[in-house]
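Residues in the sequence shown are numbered from 351 upward in steps of one, following this note's numbering.
We treat Cβ as the ideally placed atom computed from N, Cα and C, and that holds for glycine.
Predicted, not measured: the structure shown is a model, and the values here were computed from it.
Taking it in order: structure first as structure tokens, then the write-up.
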Amino acid sequence: GAKNHMVVMPDADLEQAVDALIGAAYGSAGERCMAISVAVLVGDVADKIVPLLAKRAKSLKIKNGIHLDAEMGPVVTKAAYERISGYIMAGELQCADLLVDGRKFTGKDAGAGCENGYWIGGTLFDNVTPDMRIAKEEIFGPVVTLIAYDTLDQAIDMANDTEYGLSAAISGDPAKAAPVAAQLRAGMVAI
């Protein structure tokens, strides 16, 4: 399936990159075709951004969508919940580092009247490799995988290694990001 990537360059504004990734990955519980599911981290930005992403994923406001401050709601069906949980298990079995486990979130955590929904929290994997299922297959849920590369060329090659290339994003200095955008094979590229 389609995998949408965000390339985070070494000069990225960390706060802006975190906000963009959290919204693009966890909005609509990741159940939309344009959701970012893979963050490709270039150079030393990984060391700086991973703790910020983990903190933000843990503090997502997950609740009934009637509340205006809700950042994420439940997933749509029991089958979706089971599929997403299966991918999280697959990531663990393939030795990715599960930094934030959304399976620990329950309807009780979402508030009164939410006990029976199919709730799963924001999930974050680090030290993912491109051959892992969670990197290759579309999870269609609130799961973000982080893949780090030393060079921008490696990151571009990885982002282009997808079956459909629906969308991509780049977080970094716009002047430096524009030539990168031209190299990404995706239907839509955001900077």
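Any chance the segment 472 to 489 sits against the segment 378 to 389, with 3 or more Cβ pairs inside 8 Å?
-> yes
Report the partner residues of Ile497 according to the DSSP bridge assignment.
-> The beta-bridge partner set that DSSP reports for Ile497 consists of Val390.
Alpha-carbon to alpha-carbon, Gly463 and Ala370 = 30 Å
Excluding the five sequence neighbours on either side, which residues of its own chain have a C-beta within less than 6 Å of the C-beta of Asp361, listed in chain order?
-> Within the same chain, Asp361 has close Cβ partners Gly522, Asp523.
Starting from the C-beta of Leu364, find all residues in its chain whose C-beta is less than 7 Å away, skip the five residues before and the five after it, and write them out in chain order.
-> Once the five neighbours on either side are set aside, the close Cβ partners of Leu364 are Lys398, Ile399, Leu402.
Using the Cα positions of Lys486 and Ala440, report the straight-line distance between them to the nearest angstrom.
-> 12 Å
Leu448 - partner residues in DSSP beta bridges = Phe475
Residues near Ala536 in its chain [Cβ-Cβ closer than 7 Å; skip 5 each side] = For Ala536, where only same-chain residues beyond five positions count, the Cβ hits under 7 Å are Gly515, Leu516, Ser517, Ala518.
When DSSP builds the beta bridges, which residues end up paired with Ser521?
-> According to DSSP, Ser521 bridges with Val358.
Are the CB atoms of Ala430 and Gly491 nearer to each other than 8 Å?
-> yes
Take Asp447 and list the residues in its own chain whose beta-carbon comes closer than 7 Å to its own, dropping the five residues that flank it on each side.
-> Phe475, Asp476, Asn477
Assign Ile541 to one of three DSSP states: helix, strand, or coil.
-> coil
Just the Cα atoms here: how many angstroms apart are Asn414 and Glu421?
-> 9 Å
Selection from Tyr499, Ile506, Gln533, Ile520 that minimises the alpha carbon distance to Ala396 | Tyr499
Look at the Cβ atom of Ile628, then the Cβ atom of Val493, and state whether they are nearer than 8 Å.
-> Since the first residue shown for the chain is 351 and the last is 541, residue 628 is missing from the structure and cannot be characterised.
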